[in-house]
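The sequence shown runs -26 to -1, 1 to 598 under mature numbering (1 follows the signal peptide of the UniProt record, and there is no 0).
Ideal placement from N, C-alpha and C gives every residue a C-beta, glycine not left out.
Inspection log for the structure reproduced underneath, given as structure tokens.
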Amino acid sequence: MLCSGFLSSSLLLLLLFLSSPPHSLTHSLTHSATPCSSGSEYIALLQSFASTSTNIWIKKLQEIWDEVGESDEDRDKMLLQIDQECLDVYKRKVELADKSRAKLLQSLSDAKHELSNLLSALGEKSFSEFPESASGTIKEQLAAIAPALEQLWKQKEKRVKEFFDVQSEIQKICGEITGSLNISENPVVDESQLSVEKLDEYHCQLQELQKEKSERLHKVLEFVSTVHDLCAVLGIDFFGTVTEVHPSLNDATGVQSKSISNDTLSKLAKMVLALKEDKKQRLHKLQELATQLVDLWNLMDTPSEERSLFDHVTCNISASVDEVTVPGALALDLIEQAEVEVERLDQLKASRMKEIAFKKQSELEEIFAHAHIEIDPEAAREKIMTLIDSGNVEPSELLDDMDNKIAKAKEEVLSRKEILDKVEKWMLACEEESWLEDYNRDDNRYNASRGAHLNLKRAEKARILVNKIPALVDTLIAKTRAWEEDRGISFIYDGVPLLAMLDEYTMLRHEREEEKRRFRDHKKFHEQQSTDQESITNSRPSPARPIGTKKAAGPRANGAVNGTPSSRRLSLNQNGSRSMNKDGKRDGMRPMTPVKYDAISKEDSGSHVSAAGVVDTFHKITEG
């Protein structure tokens, strides 16, 4: 038969596969072959097994054909067909095996490539548990690489998580710094860069950002603390102020983390500057008000009890901006309170200033009066009224000017003191001289009346004092002239030049001495005539009443009656130099020279220098 040899080889395996299930065939071959069997032995065994099976089936087929009566030609065709079908099966099986091998090779290549990528991504040069040059079948190589891949995949997942965590923290801090954190966005991990070195770089970056975050948080807390202190001093709502910057800065909102963004820091810095500027302006305003209050208090002599009500205002009158730390020290209501008080005192200032100015003017007038310097008080007071009502002068300037005038007046009094003391002595001596003249004219001065011995003692002292008048006047004239030469002005005493008064007094005293001398001569002449007349009368008696001698002193110009002196002709009470009015001020009458003459007889009254003449003389001196 044509195909008998062919069937022994090609059909062998086909019949084997067709007659037996794959698992039974494989099982039989596996158990029949030893572990050390080579590939050729395995094929020989397979052929032997297939030959036995084929012969059985061919024998069966021959029996069927014989029974059917198939021809040899049909039998050959059928056997050729079976052989072709067998070849087709072989071909398909080979193709499938080739494809399977290609897939395994591709899987092995992919596994090696994946292994290489994992090692590269993880920054590993090699993997200790997988040799670089693997040997064995494809499946053995795949079986060897699978655990390494699984371990590297786990290591990669762990590394990716580490990268994700550190990048998430970096992204969070960067978002806090920039103020544009979006919670819904997750960081994208570059799985091709998972080396330990790269992870360390991210950790270093994270540490730098954490350090910057800590510094920023410290700055934010410092700014918030400064804002709190400034708001306390200014009396401003702190929580409302910081909430305007960022809600997280308000602890009442319950937000745990504080905003540390650039925008928050910038706003806080600007707010601190604005609050400091506001504090500076308010302090300047408060210090101005405090200064005005102190000036007004000093101007109006405000008691300390009323001033103490504004101690919280005046306590910062000279403080610097940094020294004001008391809460509410620069609150707006406090400043408004001070403004209201200043406005109230300003309204009272005009009347109070007039009162104080007039008080100082009275003090000035009293100083001038004690110094015997004449001024026009009405004109001065009118000028003060005009200045205050016009508002063209500051109260402090006006009072300072008056204080300066008072100081200058006191200096003037001090410079005139020595001369005024001597003038006072001169006046007292003149008074005693006047009293002594009246005393000498009293015919009853030696009577044993009450107080006569006191008058006698006074007369003795008065005579001593009167004898010193010429020397006193000379000294006074010398000192007055020295004073005038030193200052270049006249020494005015109650509106009259003192030298003129002294010169007039000297002249009148000289004239009075001449009058006294003539009077004594005249008196002696009359006494001589009386003596001669008496001797003539006695020589021839007459029933008529004898003519008595006239009184030695005629009617006194000062109006003394019965020998008792009344007021002196040119007494100090008349000229006002020592009398005071009801206000305690000296009268404004012009002084008269304290000249006192002895009484003269009616016959000599024409030659007497009257007090009226002295007054007229000094009026002319004053007016001239």
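Please list the terminal residues of the continuous alpha helix (DSSP H) segment that includes residue i.
i           : result
residue 408 : 369 to 415
residue 256 : 236 to 274
residue 607 : As shown, the chain starts at -26 and ends at 598. That puts residue 607 outside it, with no answer to give.
residue 286 : 285 to 288
residue 91  : 46 to 95
residue 281 : 278 to 281
Would you identify the three-state DSSP class for residue i, choosing helix, strand or coil?
i           : result
residue 162 : coil
residue 440 : helix
residue 549 : Residue confidence for residue 549 is low, a pLDDT of 37 falling below 50, so the modelled location carries little weight and cannot support an answer.
residue 291 : coil
residue 198 : helix
residue 466 : strand
residue 121 : helix
residue 221 : helix
residue 133 : helix
Where residue i and residue j are concerned, what is the direct C-alpha to C-alpha distance, given to the nearest angstrom?
i           : j           : result
residue 509 : residue 499 : 15 Å
residue 97  : residue 149 : 30 Å
residue 443 : residue 507 : 41 Å
residue 74  : residue 151 : 58 Å
residue 342 : residue 328 : 20 Å
residue 93  : residue 145 : 27 Å
residue 429 : residue 450 : 29 Å
residue 457 : residue 380 : 21 Å
residue 287 : residue 209 : 15 Å
residue 602 : residue 86  : Any question about residue 602 goes unanswered here, given that the chain covers just -26 to 598.
residue 207 : residue 351 : 53 Å
residue 63  : residue 71  : 12 Å
residue 476 : residue 467 : 11 Å
residue 35  : residue 65  : 25 Å
residue 434 : residue 276 : 57 Å
residue 134 : residue 90  : 17 Å
residue 361 : residue 354 : 11 Å
residue 59  : residue 53  : 10 Å
residue 484 : residue 412 : 20 Å
residue 123 : residue 165 : 16 Å
residue 482 : residue 367 : 51 Å
residue 426 : residue 503 : 35 Å
residue 479 : residue 486 : 10 Å
residue 131 : residue 121 : 15 Å
If I measure Cβ to Cβ from residue i and keep anything under 8 Å in the same chain, skipping five residues before and after, which residues do I get?
i           : result
residue 323 : 270, 273, 274, 369
residue 446 : 396, 399, 400, 403
residue 372 : 327, 331, 358, 361, 362
residue 246 : 197, 200, 201, 204
Apart from the five residues just before and just after residue i, which ones in its own chain have a Cβ nearer than 6 Å to its Cβ?
i           : result
residue 472 : 454, 465
residue 141 : 161
residue 406 : 436, 439
residue 358 : 331
residue 488 : none
residue 266 : 316
residue 237 : 153
residue 306 : none
residue 281 : 271
Got a sec? Which residues, its chain only, sit under 7 Å from residue i by beta carbon, not counting five neighbours each side?
i           : result
residue 202 : 212
residue 216 : 198, 201, 223, 224
residue 136 : 173
residue 234 : 150, 151, 187, 190, 191, 194
residue 49  : 39
residue 51  : none
residue 313 : 263
residue 232 : 191, 194, 222, 223
query = Any chance the stretch 107 to 122 sits against the stretch 79 to 90, with 3 or more Cβ pairs inside 8 Å?
reply = yes
ask   = Would you call the stretch 252 to 263 and the stretch 293 to 302 in contact, with 3 or more CB pairs under 8 Å?
value = yes
ask   = Do the stretch 381 to 400 and the stretch 343 to 354 touch if we need at least three Cβ pairs shorter than 8 Å?
value = yes
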